[in-house]
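Enquirer:
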Ligand code: FO1
């Protein structure tokens, strides 16, 4: 059996630990297609937050509180960079984490594609699932924000900032007009991505941020089509419980795209495979209104709190249970 999971970073890593646990029980192999649009270049290094969060999270090295970066981390280099006034100083570069960015940047500079770099880094971390970047090509989420500027016409100036700056420096509080997935129109799926989806026994959409983690993966040409023609069912897991995100700031992101912050709202974003969308089945939390309906989609209400790997494995089992 082959399971494919589309995932972002912190929530994706937590979900994938449950997928891995379930896969061990049913002797399945797992391919994770991970978002790369959070990737950012800074201080001369290429940083891949979602790939690293998943790699560390499955490799047992992630900081349990933050969910991103390494456990037992120190911040000496970050402090030294700040002492030089080196910008940006708002991004949390950990000393241990830095080694990952150095190895990755060295390999990328030598001409290796991101998928090869990821495979090489995973030799050390042994995540127990195959990690594929959604694409080896440049793909970055930029956020178009408007700020008051008396000189500008209309008194407001529009500018695009990198998603990480909006997310970390501004805590997603800066009013945003829209997200732009820079490079999406020319980015191609990384080697193995569409093949994995095509021959998957099931495809799972992790309860990651639907707007800035799952949507950028779907924006890579060929991936949405691969999902629509996938042989196995496409099952999504709601990242929203009781109208609030399980973690992170998905509510702020959903507001930017004008989608209601609810399990039904996110299901509507993905759409039903029967109606030109993606979903065959949609998992909502057991506390949701029993009348939650999504046209053309089978809705299953199960406890969705990923309190530990066993709880998450139970979600996966419910997701994969035959109709
Ligand atoms: N998130 C923060 O809120 N603050 C940080 O300083 C920060 C640094 C960071 C460094 C490496 C990395 O892999 C992730 C990091 N994150 C940080 C998390 C990251 O911004 C998010 O996990 C995703 O990019 C958004 O889903």
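Numbering (the numbering used here), first residue to last: 5 to 327.
Glycine is no exception: its CB is placed at the ideal position from the N, C-alpha and C atoms.
Given residue 222, which residues of its chain have a CB within under 7 Å of its CB, disregarding the five upstream and five downstream residues?
Expert: 228
Enquirer: DSSP three-state call for residue 4: helix, strand or coil?
Expert: Missing from the structure shown is residue 4; the chain here goes from 5 to 327 and no further.
Enquirer: Would you kindly work out how many angstroms separate the C-alpha atoms of residue 183 and residue 170, rounded to a whole number?
Expert: 11 Å
Enquirer: Under the criterion of a Cβ to heavy atom distance below 7 Å, does residue 203 qualify as lining the ligand FMN?
Expert: Looking at this structure, you won't find the ligand FMN anywhere; what it does contain is the ligand FO1.
Enquirer: Return helix, strand or coil for residue 249, following the three-state DSSP convention.
Expert: strand
Enquirer: Rank 141, 52 and 302 by C-alpha distance to the C-alpha of residue 238 and give the top, closest one.
Expert: 302
Enquirer: Quick one, are the C-beta atoms of residue 210 and residue 15 less than 8 Å apart?
Expert: yes
Enquirer: To which residues of the same chain is residue 176 closer than 8 Å at the C-beta, ignoring the five residues directly before and after it?
Expert: 170, 253, 256 and 257
Enquirer: With respect to 7 Å, is the separation between the Cβ of residue 130 and the closest non-hydrogen atom of the ligand FO1 below this value?
Expert: no
Enquirer: Quick one: does residue 221 have its CB under 8 Å from some CB of chain B?
Expert: Looking for chain B here will not work: only one protein chain is present.
Enquirer: Does the contact criterion of 3 or more C-beta pairs under 8 Å hold for the region 10 to 28 versus the region 54 to 64?
Expert: yes
Enquirer: Answer with buried or exposed for residue 203, where buried requires no fewer than 16 other C-beta atoms within 10 angstroms of its C-beta.
Expert: Flag for residue 203 reads exposed.
Enquirer: In whole angstroms, what separates the C-alpha of residue 289 from that of residue 181?
Expert: The C-alpha of residue 181 is placed about 30 Å away from the C-alpha of residue 289.
Enquirer: Determine the extent of the beta strand (DSSP E) in which residue 119 is found, giving its start and end residues.
Expert: Here residue 119 belongs to no beta strand (DSSP E); instead the alpha helix (DSSP H) covers 118 to 129.
Enquirer: Quick check on DSSP: helix, strand or coil for residue 167?
Expert: helix
Enquirer: Could you check where the beta strand (DSSP E) with residue 218 kicks off and where it finishes?
Expert: It is not in any beta strand (DSSP E) - residue 218 carries neither H nor E in the DSSP assignment.
Enquirer: Would you check if the distance between the CB atom of residue 270 and the CB atom of residue 243 is smaller than 8 Å?
Expert: yes
Enquirer: Does residue 19 come out as helix, strand or coil in the three-state DSSP assignment?
Expert: helix
Enquirer: In whole angstroms, what is the alpha-carbon distance linking residue 205 and residue 234?
Expert: Between the alpha carbons of residue 205 and residue 234 lies a gap of roughly 9 Å.
Enquirer: Quick one: is residue 66 buried, meaning 16 or more other Cβ sit within 10 Å of its Cβ, or exposed?
Expert: Buried, by the Cβ-count rule.
Enquirer: Rounded to whole angstroms, what is the Cα-Cα separation between residue 375 and residue 164?
Expert: Residue 375 lies beyond the residue range present for the chain, which begins at 5 and ends at 327; the question has no answer from this structure.
Enquirer: Give every residue of the same chain whose Cβ lies closer than 6 Å to the Cβ of residue 12, excluding the five residues on either side of it in the sequence, and list them in chain order.
Expert: Sequence-distant Cβ neighbours of residue 12 in its own chain, meaning closer than 6 Å and more than five residues away, are 39, 54, 212, 213 and 217.
Enquirer: Based on Cα-Cα distance, which residue from 10, 105 and 226 lies nearest to residue 124?
Expert: 105
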